[in-house]
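Chemist: Before we start, here is the structure in question, set down as structure tokens.
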């Protein structure tokens, strides 16, 4: 007959398993010291103690407090430093929600927990555990309060000098410095300050620059340091790379006197430039230089900004190592002509042009586009966390979307812009066939016809007629550049004609400026028969910086040679405005 498995009590390879609420205070103190002696970090200590105790980490506050439960609660508090300028150190519950927490907030720990913590503080030998217990008693205002604080400071310093993980040692050394400073104990504050510095320098020697940088950020701006913060920063900076070095510079600027900040800014910018130019890829280099330019702006030093801006512009002229993902839309033989014929009909040039102007919008259905974008992004974990940036044709940053709402709008506009790009060949072919099928009208007759459209004034009708004739004679550049300003002109004409107040008093700071298409689009959609689908079409084509952005590109000389499809799109934008009527 097979032997039965040994019971938990008969195991020889470790302590008994299962709940152990019967341990007295001295046994719990021994268990704390035992677990502390077998760990490398405070997190490992909490896991080990929980495993040995074999009781749930999170318990109902109404349960009877045992010595073991109080010990578990003690190790699960987190050391925190207030960021309101006071840098006050506190022990807070590991989990907080709706005003309650686990373990309970120290002020609501209860008499039995406080009694157990007091007994354990007299019995344990490990410095880190002792510091935790004394700190809890101090925060709970158990008498003698100052004695508990002094004992916590001394134990924290000894623990930080021991063989714990560097991150734990840094937390405890800085906690000791904050506690001693709060008590105005200058001797202990100096000892703790030197201990923080020693942990930072030890972290650098052990190849843990992130912890050293965190220490520098904690110390920056702290009063009563027994050494000059900049001396420490100067020793750290040569061995730190990129972002970590910049964090130390940011900390040093917070600590520096106003008269010393200009030199620090210059050093910080110089270090950022070196890091950027060390990048082999032009796109990475441009991105880093863009961030350095942001820092130069914050510095307020004009020559720094000019120098960084010039370097960014030069970097933008270099070709980045990017993957080319161009898109091609292919039509079945005869499909394009067939759909173009259907678009313009066969009722003559005037009716064909009017049908063409009303076709669309090329962005499609606005609600469907929004749902599609939401579905596309639903499976992406990172899109809402990472900022998006658009580069111009020189690979320089043109637009950034830092917030989640801005990133979503940017994704939506990009999807709508792709729809426009797919529709452009059909749009251009259909307009081309109007002129080819019915022959070129003379300028006067075409102008006279367009003057009957409700949305075009006299000058706009004439210039639109001229732009159409240029398109039909394949002068696409002329057609595009003649039609482009007509979009804003027609926006303004329609809104003013509806008695909408858009007049802006000219200020000295903004001479010669007028309300632009961005300001006029919403009133236009509200006053005229321009529904949300069409409003989004104009928004993508001429308003949003990550859309087609045709007006701005043309105004700043960034279009280059204009393709037939782009010229047709601009004419479509103008001619559809000509069909609008008041609601």
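Numbering (UniProt numbering), first residue to last: 1 to 583. For glycine and all other residues, C-beta sits at the position ideal for the given N, C-alpha and C.
Determine the extent of the alpha helix (DSSP H) in which residue 443 is found, giving its start and end residues.
Modeler: 443-450 is the extent of the alpha helix (DSSP H) around residue 443.
Chemist: Assign residue 444 to one of two classes, buried (16 or more other C-beta atoms within 10 Å of its C-beta) or exposed (fewer than that).
Modeler: Exposed, because fewer than 16 other Cβ atoms sit within 10 Å of the Cβ of residue 444.
Chemist: Using three-state DSSP, classify residue 416 as helix, strand or coil.
Modeler: In the structure shown, residue 416 sits in a helix (DSSP, three-state: H, G or I).
Chemist: Can you tell me whether residue 586 is helix, strand or coil according to DSSP?
Modeler: The structure shown has nothing for residue 586, since the chain only spans 1 to 583.
Chemist: Given that a residue counts as buried once 16 or more other Cβ atoms are within 10 Å of its Cβ, and exposed if not, what is residue 473?
Modeler: It is exposed - the Cβ of residue 473 has fewer than 16 other Cβ atoms within 10 Å.
Chemist: In angstroms with no decimal places, state the Cα-to-Cα distance between residue 104 and residue 152.
Modeler: Roughly 21 Å separates the two Cα atoms.
Chemist: Just to confirm the assignment, what range does the beta strand (DSSP E) spanning residue 96 have?
Modeler: 95-97 is the extent of the beta strand (DSSP E) around residue 96.
Chemist: Taking only the alpha-carbon atoms, compute the straight-line gap between residue 585 and residue 290 and give it to the nearest angstrom.
Modeler: Missing from the structure shown is residue 585; the chain here goes from 1 to 583 and no further.
Chemist: Cβ atoms of residue 470 and residue 482: under 8 Å apart, would you say?
Modeler: The answer is yes: Cβ separation under 8 Å.
Chemist: Which partner residues does residue 528 have in the DSSP bridge list?
Modeler: 582, per the DSSP bridge assignment.
Chemist: Hey, residue 252 and residue 224 are a contact pair by Cβ (cut 8 Å); roughly how many whole angstroms apart?
Modeler: 18 Å between Cβ atoms; not a contact.
Chemist: Are residue 479 and residue 567 closer than 8 Å when you measure CB to CB?
Modeler: Yes.
Chemist: Here's the rule: buried if 16 or more other CB atoms are within 10 angstroms of the residue's CB, otherwise exposed. What is residue 122?
Modeler: Per the 10 Å Cβ criterion, exposed.
Chemist: According to DSSP, is residue 474 helix, strand or coil?
Modeler: In this structure, residue 474 counts as coil in the three-state DSSP scheme.
Chemist: When DSSP labels each residue in this structure, what does residue 65 get in the three-state scheme?
Modeler: In the structure shown, residue 65 sits in coil (DSSP, three-state: anything other than H, G, I, E or B).
Chemist: Are residue 131 and residue 172 close, meaning C-beta to C-beta below 8 Å?
Modeler: Yes, the pair counts as a contact, with Cβ atoms nearer than the cut-off.
Chemist: Beta-carbon within less than 6 Å of residue 80's beta-carbon, same chain only, minus the 5 sequence neighbours each way: which residues are those?
Modeler: Around residue 80: 90 and 92.
Chemist: Report the rounded CA-to-CA distance for residue 32 versus residue 109, giving the unit in angstroms.
Modeler: The alpha-carbon atoms of residue 32 and residue 109 are separated by roughly 20 Å.
Chemist: Going by the DSSP bridge assignment, what does residue 101 pair with across the sheet?
Modeler: Answer is 96, bridged to residue 101.
Chemist: Look up residue 229 in the DSSP assignment and give the residues it is bridged to.
Modeler: The partner list for residue 229 (beta bridge, DSSP) is empty, contrary to what the question assumes.
Chemist: Hey, could you find the ends of the beta strand (DSSP E) residue 78 is sitting in?
Modeler: 78-81 is the span of the beta strand (DSSP E), which, as asked, contains residue 78.
Chemist: Among 574, 368 and 244, whose alpha-carbon lies nearest the alpha-carbon of residue 353?
Modeler: If we check each option's Cα against that of residue 353, 574 comes out closest.
Chemist: Pick out whichever of 241, 365, 149 and 304 has its Cα sitting closest to the Cα of residue 204.
Modeler: Taking only the C-alpha atoms, the option nearest residue 204 is 241.
Chemist: For residue 578, does the count of other Cβ atoms within 10 angstroms reach 16, so buried, or fall short, so exposed?
Modeler: Buried, since its Cβ has 16 or more Cβ neighbours within 10 Å.
Chemist: DSSP three-state call for residue 161: helix, strand or coil?
Modeler: Coil, per DSSP.
Chemist: Would you grab the beta carbon distance between residue 360 and residue 351 for me? Rounded to a whole angstrom, and I think it's under 8 Å.
Modeler: With a Cβ gap of about 17 Å, residue 360 and residue 351 do not count as contacting.
Chemist: For residue 561, which three-state DSSP category applies?
Modeler: Note: residue 561 maps to coil in three-state DSSP.
Chemist: Please classify residue 125 as buried or exposed, where buried requires at least 16 neighbouring CB atoms within 10 angstroms.
Modeler: Counting Cβ neighbours within 10 Å, residue 125 comes out exposed, since fewer than 16 surround it.
Chemist: Judging by CA-CA distance, which residue of 207, 230 and 156 is the nearest neighbour of residue 195?
Modeler: With distances taken between Cα atoms, residue 195 lies closest to 156.
Chemist: Leaving aside the five residues before and after residue 192 along the sequence, list all residues of the same chain whose C-beta is less than 7 Å from its C-beta, in chain order.
Modeler: 153, 157, 173, 176, 177 and 180, listed in sequence order.
Chemist: Taking Cβ to Cβ, would you say residue 74 is nearer than 8 Å to residue 106?
Modeler: For residue 74 and residue 106, no; Cβs fall outside 8 Å.
Chemist: Which of helix, strand or coil does DSSP assign to residue 91?
Modeler: Strand, per DSSP.
Chemist: Buried or exposed: residue 227, going by 16 or more other Cβ atoms within 10 Å of its Cβ?
Modeler: Classification of residue 227: exposed, given that the 10 Å Cβ count is below 16.
Chemist: Check for me: the alpha helix (DSSP H) holding residue 112 runs from which residue to which?
Modeler: Where residue 112 is concerned, the enclosing alpha helix (DSSP H) stretches over 111-123.
Chemist: I'd like the list of long-range same chain contacts for residue 297, defined as Cβ closer than 7 Å, with 5 residues on each side in sequence excluded.
Modeler: Contacts found: 305.
Chemist: Should residue 166 be labelled buried (16 or more other beta-carbon atoms within 10 Å of its own) or exposed?
Modeler: It counts as buried.
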